[in-house]
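Down below is the structure, laid out as structure tokens.
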Amino acid sequence: MSLKYRCPSCGTSLGYEGLCWKCQMEKERQDVLAWSPEQIAQKREKLMENIKGLEDYQEPAFTDFWKLLSYLDAITPEIQKAALEAKVFYPCEIYYHAPEDVRDGLKSVLLETKDANEAANLMSCLAMQGDDQALQTLLELERNPRPWRKRLYVDPSIYAQCGGWTFDKEGHRIHLNFDTCYPMVKGTANEETPVKIGRLREDTCPHCGGKMVDIFVLDGKDERLKFLGLDGVLTATCCPNCVGFLDGPAYNRFTLDGGTEVFPSKLYDDEEEMECYMRPEDYKSMAENPFVLAKNPVPLFYGAFCEDVNTVGGFANWVQDWEYTTCPVCGKPMKYLAQIQWDTIMEGTEGTLYIEVCTDCKVVSMQHQQT
Ligand SMILES: [Zn+2]
Ligand SMILES: [Zn+2]
Ligand SMILES: [Zn+2]
Numbered sequence: 002m003s004l005k006y007r008c009p010s011c012g013t014s015l016g017y018e019g020l021c022w023k024c025q026m027e028k029e030r031q032d033v034l035a036w037s038p039e040q041i042a043q044k045r046e047k048l049m050e051n052i053k054g055l056e057d058y059q060e061p062a063f064t065d066f067w068k069l070l071s072y073l074d075a076i077t078p079e080i081q082k083a084a085l086e087a088k089v090f091y092p093c094e095i096y097y098h099a100p101e102d103v104r105d106g107l108k109s110v111l112l113e114t115k116d117a118n119e120a121a122n123l124m125s126c127l128a129m130q131g132d133d134q135a136l137q138t139l140l141e142l143e144r145n146p147r148p149w150r151k152r153l154y155v156d157p158s159i160y161a162q163c164g165g166w167t168f169d170k171e172g173h174r175i176h177l178n179f180d181t182c183y184p185m186v187k188g189t190a191n192e193e194t195p196v197k198i199g200r201l202r203e204d205t206c207p208h209c210g211g212k213m214v215d216i217f218v219l220d221g222k223d224e225r226l227k228f229l230g231l232d233g234v235l236t237a238t239c240c241p242n243c244v245g246f247l248d249g250p251a252y253n254r255f256t257l258d259g260g261t262e263v264f265p266s267k268l269y270d271d272e273e274e275m276e277c278y279m280r281p282e283d284y285k286s287m288a289e290n291p292f293v294l295a296k297n298p299v300p301l302f303y304g305a306f307c308e309d310v311n312t313v314g315g316f317a318n319w320v321q322d323w324e325y326t327t328c329p330v331c332g333k334p335m336k337y338l339a340q341i342q343w344d345t346i347m348e349g350t351e352g353t354l355y356i357e358v359c360t361d362c363k364v365v366s367m368q369h370q371q372t
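Each residue of the sequence shown is one higher than the one before, counting from 2 in this note's numbering.
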């Protein structure tokens, strides 16, 4: 395909006339953010009228739901009640922090169902609702498994994770997400930012010989990032070429003064070495990316339904299933910290890098997913 056109907004070479997909997404998002209160009310009404449409991703109800939730945080208890009444249990995010009567409704369907798929959906819905009763229900099902459990791959405590939390054997809640979210936005040249994506390093990767990169550097002392509870710098270091081909996530320890110690890693399938596909211009575009931390926080699901937004905190857009890593030092679940969409820093690449942290051990993990 010949690239004879250019995106009128960002200048990327394209094989067709019009905006590139990222500028198109950005335009759609800005349109949604400009909706008037009347327009939002209208969208809510339509969603409630066609709540069954939520189960079909090609229906307008589905995209409208995600716009209302992720960009505007505008899902109301009335919508949640309508979903429950229509027995719509997907996507589970519709029930995020739903009121108690809705929770009780979800709980009674879950406790009565004999269908494994329905049970899986309902556990996810309760995970999103997320209060102590929801926890007790999932805990009870973990301790006394129902017959449908045999047809599912994982336990209720893993389903709980999709709501950003889980529980231990004693039933104590463990938080897996931060309750604040900031996007990274395109900044002006030399703009100060407490978050830097993609800083080149001098050392090289033992698997491919390419450059190691501090893929994510964050200064927890910035006022906006106080919610992380980190009194200094967090650095996540990996080989961008190999991170998707490792046997498990990449890990490193960090010190609050900016130090980093990379843990040894193995390639998937015990491969001996890896070819380096990164060209000098790829490293360059990665290091020169324009992203800075946004001035203001956004709804928690802001980055959960689009493939062009890098976020810190909140919920990730898991390409495959959600996957919380276990800290290799203390064995406790790590907390989801940030997502980086590869294509936003290296044109034409695919997938997402998910960064998690154990603040106790000062260890980060990085894992790659793609469709
Ligand atoms: Zn563009
Ligand atoms: Zn490498
Ligand atoms: Zn730990």
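Ideal Cβ placement from N, Cα and C applies to all residues, glycine included.
ask   = Can the beta-carbon of Glu-358 be found less than 8 Å from the beta-carbon of Leu-235?
value = By one-based count along the sequence shown, residue 358 stands at place 357. By one-based count along the sequence shown, residue 235 stands at place 234. Residue identity differs from the one stated: residue 358 is Val in this sequence, not Glu. Closer than 8 Å, so yes.
query = Hey, is the segment 324-331 in contact with the segment 280-295, meaning 3+ C-beta pairs nearer than 8 Å?
reply = no
ask   = What beta strand (DSSP E) runs, 3 residues minimum, are completely inside the segment 296-359?
value = 312-314, 336-342 and 353-359
task = When you get a sec, list the residues whose CB is within less than 6 Å of any heavy atom of ligand 3, chain order please.
result = Cys-328, Val-330, Cys-331, Lys-333, Cys-359, Asp-361, Cys-362 and Val-364
ask   = Under 7 Å from any heavy atom of ligand 4, does the C-beta of His-208 make it?
value = The model on display carries ligand 1, ligand 2 and ligand 3 but not ligand 4.
key: Check whether Glu-274 and Cys-331 have beta carbons under 8 Å apart   = The residue you call residue 274 lines up with position 273 of the sequence shown. The residue you call residue 331 lines up with position 330 of the sequence shown. Taking 8 Å as the Cβ cut-off, Glu-274 and Cys-331 do not qualify as a contacting pair.
message = Going by C-alpha to C-alpha distance, which of Asp-309, Leu-48, Ile-216 and Cys-21 sits closest to Cys-239?
response = The residue labelled residue 239 in the question sits at position 238 within the sequence shown. With distances taken between Cα atoms, Cys-239 lies closest to Ile-216.
query = Would DSSP call Ala-84 helix, strand or coil?
reply = Here residue 84 refers to the residue found at position 83 of the sequence shown. Helix at Ala-84.
message = In this structure, how does DSSP classify Leu-257 when only helix, strand and coil are distinguished?
response = Here residue 257 refers to the residue found at position 256 when the sequence shown is read from its first residue. Coil at Leu-257, not helix or strand.
Ligand 1 site residues, beta-carbon cut 6 Å against heavy atoms = Spelled out in chain order, the answer is Cys-8, Ser-10, Cys-11, Thr-13, Leu-20, Cys-21, Lys-23 and Cys-24.
request  = May I have a chain-ordered list of the alpha helix (DSSP H) segments no shorter than 4 residues that lie completely inside the segment 147-193?
outcome  = 157-161
request  = Determine which residues share a DSSP beta bridge with Met-367 and list them.
outcome  = Locating residue 367 in the sequence shown gives position 366, where the first residue counts as 1. Looking at the DSSP assignment, Met-367 forms a beta bridge with Ala-251 and Ile-356.
ask   = What did DSSP end up calling Val-103 once you bin it into helix, strand or coil?
value = By 1-based counting over the sequence shown, the position of residue 103 is 102. DSSP places Val-103 in helix when its eight states are reduced to three.
ask   = Is there contact here, the segment 183-200 with the segment 143-161, by at least three beta-carbon pairs under 8 Å?
value = no
ask   = What's the C-alpha gap between Leu-354 and Met-347?
value = Position 353 of the sequence shown, counted from the start, is the residue given in the question as residue 354. Position 346 of the sequence shown, counted from the start, is the residue given in the question as residue 347. Each residue's Cα considered, the two are about 13 Å apart.
task = Please check if any C-beta of chain D sits within less than 8 Å of the C-beta of Glu-171.
result = In the displayed structure, chain D is absent; only one protein chain is listed.
key: C-beta atoms of Ser-125 and Phe-306 nearer than 8 Å   = On the sequence shown, position 124 is the one that residue 125 refers to. On the sequence shown, position 305 is the one that residue 306 refers to. Contact flag unset, no.
inquiry  = Using the three-state DSSP reduction, which class does Ser-14 fall into: helix, strand or coil?
reply    = Residue numbering aside, residue 14 sits at position 13 when the sequence shown is read from its first letter. Strand at Ser-14.
request  = Evaluate Arg-7 with the Cβ neighbour count: other Cβ atoms within 10 Å of its Cβ, from every protein chain shown; 16 or more gives buried, anything less gives exposed.
outcome  = For the purposes of this step, residue 7 is taken as residue 6 along the sequence shown, with counting starting at 1. Arg-7 should be labelled exposed.
request  = Verify whether the separation of the beta carbon atoms of Gln-371 and Gly-352 is less than 8 Å.
outcome  = Locating residue 371 in the sequence shown gives position 370, counting from the first residue. Locating residue 352 in the sequence shown gives position 351, counting from the first residue. Going by C-beta atoms, Gln-371 is nearer than 8 Å to Gly-352.
inquiry  = I'd like to confirm the pairing. Which residues does DSSP put opposite Phe-292 in its beta bridges?
reply    = As a working note, residue 292 is residue 291 in the sequence shown. Paired residue(s): Lys-187.
key: For Leu-153 and Thr-138, believed in contact at Cβ under 8 Å, the rounded distance   = Translated into positions along the sequence shown, residue 138 becomes position 137. Translated into positions along the sequence shown, residue 153 becomes position 152. About 16 Å; that fails the 8 Å criterion.
query = What residues are listed by DSSP as bridge partners for Ile-198?
reply = Stepping through the sequence shown from its first residue, residue 198 is reached at position 197. Partner(s): Phe-217.
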